[in-house]
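J.: The following block contains the structure, expressed as structure tokens.
Protein chains in written order, with the numbering used here: chain A, 19 to 323; chain B, 34 to 283; chain C, 207 to 329.
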């Protein structure tokens, strides 16, 4: 049922503290979004045992790490925010190295993907462009034949054509029902399309873990010229522009003249709930409360409007 | 049940060879561990020299290797994602493989060192031949100071210190991990070789040379410095190592 | 089976998928008993989430347009004629209602509407 079960995973860096509890479903793609510094990379590194947690529990496909290290490290692959290998090497040397570290490394798949992404085998990886490095990291992760794939911004810096290829590869990986994907990204269009679940992380804490279709459907994005009292009361997040306001609300019944109502995309959800800044400096503050606090709660005019 | 395999010993050694020491993280950790090894090695030489134990220097490489082993182990526990850290292998097995690969590298290093010593000896002999006009290959043991001006203990000590310092700096910048770790064997052993060759070629008694060295206050200063620096680095390394070995239960 | 999705239309993807599959069944492009791609294959082919694909198929199964056989897959169901007609006419009725509302709002004479209808149907 769950590819990853994470309970109270705690990390303390002084200024930044994390305490994450979330279950990542097997057979589905889970998107992880959050502002920069929310703790997404830390969470991923901690799951991969590359960052020590102070306390908490992680189960990988139901198994604890202690006692199952060999199996788990074989079956979980990750694309980190920076390449985790010696980038002074050329792909052909890294290929040989990975083959000796992961005995079931798939050489055929490697050849196919190198060709598909058009990556040279004879050039040092530190000479690749940023996008090329991301693609190469993904190739190495996939050729490990994992069951769980963790991706930390896999399409960042990748051009649109290859982003499509990356998305396709993730979906190909998901053809097997026992596979799990968790990927953090800022490119919310990818999440809008292929994510099954959305997890939002704020200040080291998971504030949302829902099916993508239902969370978007539970909200409405209203475009209006003026903010009525009703809108202010029901708002979860407000953005102001030169031409009016966009208000995110849970209330699906709001309608009226001059109001354009639609189901928000993941991006719109993100922007309206996680932004803390004034989008237009004209009038005071537009504070978006913590998403978790507003989710399910009746907001009592937390906005100074 | 799928047969999940661990990398072989060769895979392990290969990974060590290609891992980038800096990829592991902190440059200061790398330098710290280099210092631990080299300074403690030098400390040992001076200590031995000061007390004139003639047989002990022969044991030095091997004792020093154990110090090195600790410092290398310590380097392996940097908490940054790396192929080494991600290797699907139990910690215990990794340590066992580490010792085996260290032994393997010791053999390789010894061969290299022997070759270096031979070349060094030949070069020194040629220089002496040019300087003195005669081939000096064998000399009697005399109590006199030799031909070199640096038979004066200060000079020799400075010479040794410079080699060691130079080695630390050069090796600190070599990035391929196991190559770097192997080369870290070299400085104290080159120093040792230099001393041995010097005494053989010039006829100065080894014991007397060490006593001379031991008598100089400059030497005692160096002894203290290397001992303290090396000691601190080793203790810091041991602490980190112990913390790493503690199995995280999460 | 041909499905084209519009990510910007504001209409949920699963609804778009349902609409297009339903249309193709209604107009006969998809025949009864025809197999459809598996949920995962559909998700991969359209580059949508697996749950999205599942929702579309589940809804269509509930409406009676598709049925699933365990171990075999998803197939087009034999839809009764009056059910099919009801769906066909429902959309047209909705569109006509919209035209009526528009005409009322913009003061368009109903007689003119009739004329226009005849004209277009005659083409």
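Glycine is no exception: its CB is placed at the ideal position from the N, C-alpha and C atoms. Here the structure is a predicted model, which is why all the values come from computation and not from measurement.
Measure the C-alpha to C-alpha separation of residue 206 (chain A) and residue 227 (chain A) and round it to an integer number of angstroms.
T.: Each residue's alpha carbon lies about 16 Å from the other.
J.: When the Cβ atoms of the stretch 189-199 of chain A are set against those of the stretch 37-48 of chain A, are three or more pairs found closer than 8 Å?
T.: The stretch 189-199 of chain A, when compared against the stretch 37-48 of chain A, does touch it at the 8 Å Cβ threshold.
J.: Taking only beta carbons into account, state which residues of the stretch 62-92 of chain A come closer than 8 Å to chain C, listed in chain order.
T.: Cβ contacts with chain C: none found.
J.: From which residue to which residue does the alpha helix (DSSP H) around residue 173 (chain A) run?
T.: Counting along the chain, residue 173 (chain A) falls outside any alpha helix (DSSP H), and DSSP gives it neither H nor E.
J.: Using a Cβ-Cβ cut-off of 6 Å (strictly less than) and excluding sequence neighbours within five positions of residue 209 (chain A), which residues of its own chain qualify?
T.: The residues are 49 and 284.
J.: Measure from the alpha carbon of residue 114 (chain A) to the alpha carbon of each residue in A:102, A:144, A:139 and A:277, then state which is nearest.
T.: The shortest C-alpha separation from residue 114 (chain A) is found at A:139.
J.: Is residue 288 (chain C) close to the ligand NAD? I mean its beta-carbon at under 6 Å from any heavy atom of the ligand.
T.: In terms of ligand content, the structure shown is empty, and the ligand NAD therefore cannot be addressed.
J.: Hey, how far is the Cα of residue 247 (chain A) from the Cα of residue 286 (chain A)?
T.: Spanning the two alpha carbons is a distance of roughly 22 Å.
J.: Hey, is residue 211 (chain A)'s beta-carbon within less than 7 Å of any beta-carbon in chain C?
T.: By this cut-off, residue 211 (chain A) is an interface position.
J.: Going by DSSP, what residues sit across from residue 228 (chain A) in a beta bridge?
T.: In the DSSP output, where bridge partners are listed per residue, residue 228 (chain A) has A:216.
J.: Just tell me which of A:256, A:266, A:282 and A:198 has its CA closest to the CA of residue 11 (chain A).
T.: As shown, chain A starts at 19 and ends at 323. That puts residue 11 (chain A) outside it, with no answer to give.
J.: Please classify residue 130 (chain A) as buried or exposed, where buried requires at least 16 neighbouring CB atoms within 10 angstroms.
T.: Its Cβ having fewer than 16 others within 10 Å, residue 130 (chain A) is exposed.
J.: Taking only beta-carbon positions, decide if residue 40 (chain B) is within less than 7 Å of chain A.
T.: Taking Cβ atoms only, chain A reaches closer than 7 Å to residue 40 (chain B), which makes this a yes.
J.: With H, G and I counted as helix, E and B as strand and the rest as coil, what does DSSP make of residue 43 (chain A)?
T.: Strand.
J.: How about residue 19 (chain A): is its C-beta nearer than 7 Å to some C-beta of chain C?
T.: Not an interface residue.
J.: I'd like to know if residue 180 (chain A) contacts chain C, where contact means its C-beta is closer than 7 Å to some C-beta of that chain.
T.: Chain C, which has no Cβ nearer than 7 Å to the Cβ of residue 180 (chain A), makes this no.
J.: By the 10 Å Cβ neighbour count, where 16 or more other Cβ atoms means buried, how is residue 115 (chain B) classified, buried or exposed?
T.: Buried, by the Cβ-count rule.
J.: Evaluate residue 284 (chain C) with the Cβ neighbour count: other Cβ atoms within 10 Å of its Cβ, from every protein chain shown; 16 or more gives buried, anything less gives exposed.
T.: Looking at its Cβ environment, which holds fewer than 16 other Cβ atoms inside 10 Å, residue 284 (chain C) is exposed.
J.: What's the C-alpha gap between residue 269 (chain A) and residue 254 (chain A)?
T.: Each residue's Cα considered, the two are about 10 Å apart.
J.: Three-state secondary structure (DSSP) at residue 238 (chain A)?
T.: Residue 238 (chain A) falls in the strand class under three-state DSSP.
J.: Output needed for residue 271 (chain A): all residues of its chain with C-beta closer than 6 Å, excluding positions within five of it in sequence on either side, in chain order.
T.: Closer than 6 Å at the Cβ level, and outside the excluded window around residue 271 (chain A), lies no residue.
J.: Taking only three categories from DSSP, how would you classify residue 165 (chain B)?
T.: Correct three-state label for residue 165 (chain B): helix.
J.: Beta carbon of residue 267 (chain A), beta carbon of residue 244 (chain A): below 7 Å?
T.: Against a cut-off of 7 Å, the Cβ pair of residue 244 (chain A) and residue 267 (chain A) comes out as no contact.
J.: Can you confirm whether residue 215 (chain C), when its beta carbon is compared against all beta carbons of chain A, has any partner nearer than 7 Å?
T.: So no, residue 215 (chain C) is outside the interface.
J.: For residue 218 (chain A) and residue 232 (chain C), I'd like the C-alpha separation in whole angstroms.
T.: Taking the straight line from one Cα to the other gives about 41 Å.
J.: For the beta strand (DSSP E) holding residue 26 (chain A), just list the boundary residues, first then last.
T.: Element bounds for residue 26 (chain A): 20-30.
J.: Does DSSP put residue 262 (chain A) in a helix, in a strand, or in coil?
T.: Reduced to three states, the DSSP call for residue 262 (chain A) is strand.
J.: With residue 222 (chain A) and residue 26 (chain A) assumed to form a contact (beta carbons below 8 Å), what rounded beta-carbon distance in angstroms separates them?
T.: Incorrect: roughly 12 Å between the Cβ atoms, too far for contact.
J.: Exposed or buried, what is residue 144 (chain A) when buried is set at 16 or more other beta-carbons lying within 10 Å of its beta-carbon?
T.: With fewer than 16 other Cβ atoms within 10 Å, it is exposed.
J.: So residue 230 (chain A) contacts chain C; which residues on that side make the cut at Cβ distance below 9 Å?
T.: Residues of chain C passing the Cβ test: 255, 257 and 258.
J.: Mind checking whether residue 280 (chain C) and residue 214 (chain A) have CB atoms under 7 Å apart?
T.: Cβ atoms of residue 280 (chain C) and residue 214 (chain A): not closer than 7 Å.
J.: So what does DSSP say about residue 35 (chain A), is it helix, strand or coil?
T.: Strand at residue 35 (chain A).
J.: Identify the contact partners of residue 192 (chain A) in chain C, using a Cβ-Cβ distance below 9 Å as the criterion.
T.: Result: 246, 249, 250 and 256.
J.: Classify residue 325 (chain C) as buried or exposed, calling it buried when 16 or more other Cβ atoms lie within 10 Å of its own Cβ.
T.: Counting Cβ neighbours within 10 Å, residue 325 (chain C) comes out exposed, since fewer than 16 surround it.
J.: Using 7 Å as the limit for Cβ to Cβ distance, is residue 109 (chain A) near chain B?
T.: Output row for residue 109 (chain A): interface = no.
J.: Which same chain residues, not among the five before or five after residue 93 (chain A), have their C-beta less than 8 Å away from its C-beta?
T.: Result list for residue 93 (chain A): 78, 79, 164, 165 and 166, in chain order.
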